[in-house]
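Protein sequences appear in the order of chains A and B.
Numbering follows UniProt numbering, in which position 85 of the first sequence is assigned residue number 85; successive positions increment by one, without gaps.
Numbering follows UniProt numbering, in which position 405 of the second sequence is assigned residue number 405; successive positions increment by one, without gaps.
Note that CB positions come from ideal geometry on N, CA and C, so glycine has one too.
Working notes, beginning with the structure itself.
2 protein chains.
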Amino acid sequence: MNTHKNRHPAPSDDTLARLAAVVGGPHALTAPEDMAAYLTEQRGLFGARAAMVLRPGSTEEVSAIMRIAHETGTAIVPQGGNTGLVGAQVPFEGGNEVILSLGRLNRIREVDAADNTMTVEAGCILANIQRAADEADRLFPLSLGSEGTCQIGGNLSTNAGGTGVLAYGNARDLVLGLEVVLADGRVWNGLRKLRKNNTGYDLKQLFLGAEGTLGIVTAAVLKLFPKPQDHATAFVAIPAPHSALDLLALANTMSGGGVVALEILPRIGLDFTIRHGGARDPLGEPHDWYVLIELAGGEEEGALQPLMEDILARAFEEGLVLDAAIAASGTQRRELWHIRDLMSEVQKPEGGSIKHDVSVPVSHIPAFLDEATAAVETLIPDARVVAFGHIGDGNIHFNVSQPVGADTQAFLARWDEVNRTVHDIVLGHGGSVSAEHGIGRLKRHIMPEIKDPLELEMMKGLKQLFDPEGILNPGKMLPD
Amino acid sequence: MNTHKNRHPAPSDDTLARLAAVVGGPHALTAPEDMAAYLTEQRGLFGARAAMVLRPGSTEEVSAIMRIAHETGTAIVPQGGNTGLVGAQVPFEGGNEVILSLGRLNRIREVDAADNTMTVEAGCILANIQRAADEADRLFPLSLGSEGTCQIGGNLSTNAGGTGVLAYGNARDLVLGLEVVLADGRVWNGLRKLRKNNTGYDLKQLFLGAEGTLGIVTAAVLKLFPKPQDHATAFVAIPAPHSALDLLALANTMSGGGVVALEILPRIGLDFTIRHGGARDPLGEPHDWYVLIELAGGEEEGALQPLMEDILARAFEEGLVLDAAIAASGTQRRELWHIRDLMSEVQKPEGGSIKHDVSVPVSHIPAFLDEATAAVETLIPDARVVAFGHIGDGNIHFNVSQPVGADTQAFLARWDEVNRTVHDIVLGHGGSVSAEHGIGRLKRHIMPEIKDPLELEMMKGLKQLFDPEGILNPGKMLPD
Chain A
1 MNTHKNRHPA PSDDTLARLA AVVGGPHALT APEDMAAYLT EQRGLFGARA AMVLRPGSTE
61 EVSAIMRIAH ETGTAIVPQG GNTGLVGAQV PFEGGNEVIL SLGRLNRIRE VDAADNTMTV
121 EAGCILANIQ RAADEADRLF PLSLGSEGTC QIGGNLSTNA GGTGVLAYGN ARDLVLGLEV
181 VLADGRVWNG LRKLRKNNTG YDLKQLFLGA EGTLGIVTAA VLKLFPKPQD HATAFVAIPA
241 PHSALDLLAL ANTMSGGGVV ALEILPRIGL DFTIRHGGAR DPLGEPHDWY VLIELAGGEE
301 EGALQPLMED ILARAFEEGL VLDAAIAASG TQRRELWHIR DLMSEVQKPE GGSIKHDVSV
361 PVSHIPAFLD EATAAVETLI PDARVVAFGH IGDGNIHFNV SQPVGADTQA FLARWDEVNR
421 TVHDIVLGHG GSVSAEHGIG RLKRHIMPEI KDPLELEMMK GLKQLFDPEG ILNPGKMLPD
Chain B
1 MNTHKNRHPA PSDDTLARLA AVVGGPHALT APEDMAAYLT EQRGLFGARA AMVLRPGSTE
61 EVSAIMRIAH ETGTAIVPQG GNTGLVGAQV PFEGGNEVIL SLGRLNRIRE VDAADNTMTV
121 EAGCILANIQ RAADEADRLF PLSLGSEGTC QIGGNLSTNA GGTGVLAYGN ARDLVLGLEV
181 VLADGRVWNG LRKLRKNNTG YDLKQLFLGA EGTLGIVTAA VLKLFPKPQD HATAFVAIPA
241 PHSALDLLAL ANTMSGGGVV ALEILPRIGL DFTIRHGGAR DPLGEPHDWY VLIELAGGEE
301 EGALQPLMED ILARAFEEGL VLDAAIAASG TQRRELWHIR DLMSEVQKPE GGSIKHDVSV
361 PVSHIPAFLD EATAAVETLI PDARVVAFGH IGDGNIHFNV SQPVGADTQA FLARWDEVNR
421 TVHDIVLGHG GSVSAEHGIG RLKRHIMPEI KDPLELEMMK GLKQLFDPEG ILNPGKMLPD
């Protein structure tokens, strides 16, 4: 955890009045009770104060706000659905920053089924985008736990991951064009629908995953995909994590690359969902490890279920699978996914949880899990490792719940120490200490440890180029 | 076409001696006959002279060269297989540039089948990379006409396209990590194997497609894919270009997204391949338009052929297909692809050809073809439009062969005029005037017409940041 000395002055009353005039009184919030929802994120990890919350209604208003901010040196914190897990979207404690909430830019400008594209504004909620694609008989495959609340602008600014990455890639891979308001208020219209375009540097790449530090994404052209007409989903007990990777290879071979999700869960995770989430064990007997595997494709319902049965039968013969339950209906499919979706929240009632969002090369996952579990258990005997997630992408949420009955604050006080131990193992495997959540406030202080100086120098050069006054989300991602 | 006043002085004898010492005498070429192959590209469009050709054997030597170039202000032109079509890889006429040929960095450092990655040096020939993947029972899907000669460093620096884009994306999408030598000689080691990594700006994106103007790619971690065990390939006569798009949608639905290539060819193109390439018409009667369509996938041979038959039967019923020939063997498959592969070279014996490498949103292709053909025929009656290529990605090589018997030089003198006419139609459809070949020398002068000033300003800012002395491929891509 770290703090940041914002070098920007608190905005003057005059500046605040000018900013408020851009959006109109009702959309410029200053009362503590009005601002509260914008200042606190779901884990409550960060102290935050703001001078004002602005809720612009158009790209033009975002542009006007940034012109004033540029002129007056006012620090701006762009915010989407406020679901980020690293604090990139909340200000610091100084109270001199202005939150720019994109939520009113929530128009789906166009769904173009012929070109498999959709043009959306930054404040569109992800689930609404998924639904609009579905209504046009298309798929927008980005899917994550917070999809009912998170906004696409935040998803793109953090290069969100989720459960669809295995088949469709990260958020970065789902974008054809962007509209961005720059630090000085100028608007870059890069809203193109092209699959191929080699005319100079691919500027949109700069803003994707930049956590609002280089510009403010106000709209995007997204890729749509054919909607699979059939799914087959199974909850599978496996002997060990490496079996998940062998099962993935087998299933992709037998289905012609039809695996669209592969999520791993440990027994303790299933126990938590039964205890706190009202889930039931889909299988008769307990096992150490499970995967949720899903096939999708086809033009009509029904063909994939027998294929899933064939895959699991062969996997059973090869010793990759111990037991399995295949969803026989849409309801059962949702029940299986619900177990996976509960994994984050059911850790809360178990006390303190020290989180890691890490990735390693896919084949290193089993070794990483062995080594990191042993190291954590050496550090804190009886700590309970809850490692789950997107094993097919090499991305594990390696969470550590406190020992039963332990003091929560004393346990959480060891956050950095546990992080360091786990991250060292990750780095030893050529991995990443933030696979999908980003850096934000939470991991900024470790950037000098995980990046070589040349890489940091290039990043700071880009920041200086696009935001010379440092008014865009100061103190996020890049170390001082 | 344009020239460029290189502001760099001719390197002194001392500088040339120092550069030669880095690589060793036999790899520093100055004799005209030794340098000739590096100065002329295949279309012979560009005059070029160089002070020296350097053939370093390692990343360290590339780094040492750039340190000297940085110190002495020597302009460096990175070159791969010299197959580029826009002159990015050849120097200008001034004779003051040094060509840095990457061909000796040709080691495949690692094939990692477990992680589906391959680490290669920039000078590896694309076909060798494809072969090494194949030997590990994997697929590296980048595929283009020059694959027997082009080098991966050039492919990545130009974000190459080709026939695999429909299913696997452009070269940019096939990269997990890069090693890059910067303008001042420092080496950035970004050779990561991770599928997910959100720790700061994604720096590799800057160098992909930058045509060697921001840094020199010396190695890369590439993505590998499961090798399809089965293919089905058909040469199909269609009533009109829009039928190709309807066929694509139908085939993807029926195959669960199994279409890996869709290339359109006009009758005149088939005629050229018969006349000059020794091809034979796969169908009994002539038709106006054809597509080559390929399905891939599965775990064993034979399942896709009946599927292709079903797809074409249904397409025939729906009026999307007039006639078709399905390859019954690997030999027949290669024969069908050979027709497509011949398309570029068979235009040469027909006289002058004015080229366009354009893209529009996919659904706009039929309207674009109608409008552009009419416009060109108005401009030059009896000009012969040969429009072919990657219709599934919206990318058409809209080439114009001279009228039969016309004066070639007089026809080619109208290159810019024809370009402008076609490009205006492309831009009217929200398209790109360089879908896959890049900008290089050939299209640099039109950048101010096709990019808005803010976009050019951002690009120039990046160039200034990464190459403040302007020694990396000066005069390419960006206008002065």
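Next on the checklist: Could you tell me the alpha carbon to alpha carbon distance between M1 (chain A) and R444 (chain A), rounded to whole angstroms?
Outcome noted: With a pLDDT of only 44 at M1 (chain A), under the threshold of 50, the placement of this residue in the model should not be trusted; the figure read from the coordinates follows. For M1 (chain A) and R444 (chain A), the distance between alpha carbons rounds to 8 Å.
Item to check | Whole-angstrom distance between E371 (chain A) and G428 (chain A), CA atom to CA atom | outcome: If I take the Cα positions, the gap works out to 11 Å.
Next on the checklist: Bridge partners for W188 (chain A) per DSSP, in chain order?
Outcome noted: Its beta-bridge partners are A:V180.
Item to check | Among A:Y201, A:G87, A:A10, A:S329, nearest to E457 (chain B) - alpha-carbon criterion | outcome: Ranking A:Y201, A:G87, A:A10, A:S329 by Cα distance to E457 (chain B) puts A:Y201 first.
Item to check | Interface partners of A64 (chain B) on chain A, CB under 9 Å | outcome: Neighbours of A64 (chain B) across chain A, judged by C-beta separation under 9 Å, do not exist; the nearest C-beta is about 17 Å away.
Item to check | For S344 (chain B), the residue or residues it bridges with in DSSP | outcome: BP columns for S344 (chain B) are empty, so no partner.
Checklist entry - Any residues in the stretch 51–77 of chain B with a beta carbon nearer than 9 Å to a beta carbon of chain A? Which ones, in chain order? => result The residues in question: there are none.
Checklist entry - For the beta strand (DSSP E) that contains K223 (chain A), what are its first and last residues? => result Run containing K223 (chain A): 216–223, per the beta strand (DSSP E) assignment.
Checklist entry - With DSSP run on the structure shown, which of helix, strand or coil describes E350 (chain A)? => result Secondary structure of E350 (chain A) (DSSP, three-state): helix.
Checklist entry - In three-state terms, what does DSSP make of V376 (chain A)? => result Reduced to three states, the DSSP call for V376 (chain A) is helix.
Checklist entry - Shorter than 8 Å from the beta carbon of C150 (chain A) to some beta carbon of chain B? => result Contact with chain B is absent for C150 (chain A), since none of that chain's Cβ atoms lies less than 8 Å from the residue's Cβ.
Next on the checklist: My parser needs the beta strand (DSSP E) runs of 3 or more residues fully inside the stretch 270–315 of chain A; what are they?
Outcome noted: Runs of the beta strand (DSSP E) inside the stretch 270–315 of chain A: 289–297.
Next on the checklist: Check whether the stretch 368–385 of chain A and the stretch 308–322 of chain A are in contact - that is, three or more C-beta pairs closer than 8 Å.
Outcome noted: Flag = no, the stretch 368–385 of chain A and the stretch 308–322 of chain A do not touch.
Checklist entry - Among residues of its own chain, excluding the 5 on either side of G394 (chain B), which ones have a beta-carbon nearer than 7 Å to its beta-carbon? => result Contacts found: S359, V360, P361, V362, I365.
Checklist entry - How would you list, in chain order, the residues of chain A whose beta-carbon sits under 8 Å from the beta-carbon of H437 (chain B)? => result Contacts between H437 (chain B) and chain A, judged by CB atoms closer than 8 Å, involve N198 in chain order.
Checklist entry - If you check the beta carbons only, do L265 (chain B) and F388 (chain B) fall under 8 Å apart? => result Cβ atoms of L265 (chain B) and F388 (chain B): closer than 8 Å.
Next on the checklist: Strictly by DSSP, which residues pair up with Q79 (chain B)?
Outcome noted: Note: Q79 (chain B) sits in a beta bridge opposite B:S101.
Checklist entry - Could you give the residue range of the beta strand (DSSP E) that holds L54 (chain A)? => result It spans 52–54 - the beta strand (DSSP E) in which L54 (chain A) sits, taken as one unbroken run.
Next on the checklist: If I measure Cβ to Cβ from D281 (chain B) and keep anything under 7 Å in the same chain, skipping five residues before and after, which residues do I get?
Outcome noted: The answer, listed in chain order, is L270, I274.
Checklist entry - Are there 16 or more other CB atoms within 10 angstroms of the CB of V404 (chain B), so buried, or fewer, so exposed? => result Residue burial is scored here from C-beta neighbours: V404 (chain B) has fewer than 16 other C-beta atoms within 10 angstroms and is therefore classed as exposed.
Item to check | C-alpha distance - P453 (chain A) paired with L214 (chain A), whole-angstrom precision | outcome: The straight-line gap from Cα to Cα measures roughly 20 Å.
Item to check | DSSP bridge partner residues for N395 (chain B) (one or two, in chain order) | outcome: Answer by DSSP bridge pairing, in chain order: B:S359, B:H390.
Item to check | Pairwise C-alpha distance: A413 (chain B) and D480 (chain B) | outcome: Cα to Cα, the separation comes out at about 24 Å.
Checklist entry - To which residues does DSSP link M118 (chain A) through a beta bridge? => result A:V111, A:L222.
Next on the checklist: Based on DSSP bridge pairs, tell me the residues matched to T233 (chain B).
Outcome noted: Beta-bridge partners assigned by DSSP to T233 (chain B): B:E294.
Checklist entry - Which residues mark the beginning and the end of the alpha helix (DSSP H) in which E263 (chain B) is found? => result For E263 (chain B), there is no enclosing alpha helix (DSSP H); the residue is found in the beta strand (DSSP E) stretching over 259–266.
Item to check | Assigned secondary structure, V175 (chain A) (DSSP; H/G/I helix, E/B strand, else coil) | outcome: V175 (chain A) falls in the strand class under three-state DSSP.
Checklist entry - CA-CA distance, A325 (chain A) and G278 (chain A)? => result Near 18 Å, if we compare the C-alpha coordinates of G278 (chain A) and A325 (chain A).
Next on the checklist: Contact criterion: CB-CB distance below 8 Å. Does N155 (chain A) meet it with respect to chain C?
Outcome noted: Of the protein chains in this structure, namely A and B, none is chain C.
Checklist entry - How many angstroms separate the CA atom of V187 (chain B) from the CA atom of P141 (chain A)? => result Answer to the nearest angstrom: the Cα atoms are 37 Å apart.
Item to check | Chain-ordered neighbours of A220 (chain A) on chain B, where CB pairs are closer than 9 Å | outcome: Within chain B, no C-beta atom comes less than 9 Å from the C-beta of A220 (chain A); the nearest is roughly 15 Å away.
Item to check | Three-state secondary structure (DSSP) of L29 (chain A) | outcome: Correct three-state label for L29 (chain A): strand.
Checklist entry - Using a C-beta cutoff of 8 Å, does A114 (chain B) count as contacting chain A? => result Taking Cβ atoms only, chain A reaches closer than 8 Å to A114 (chain B), which makes this a yes.
Item to check | Residue-level contact to chain B via CB, K248 (chain A), 8 Å cutoff | outcome: Contrary to the premise, residue 248 (chain A) reads as Leu rather than Lys in this sequence. So no, L248 (chain A) is outside the interface.
Checklist entry - Taking the alpha-carbon positions, what's the G73 (chain A) to I65 (chain A) distance? => result Pairing G73 (chain A) with I65 (chain A), the inter-Cα distance amounts to about 12 Å.
Checklist entry - Per DSSP, which one or two residues make a beta bridge with G162 (chain B)? => result Bridge partners of G162 (chain B): B:S143.
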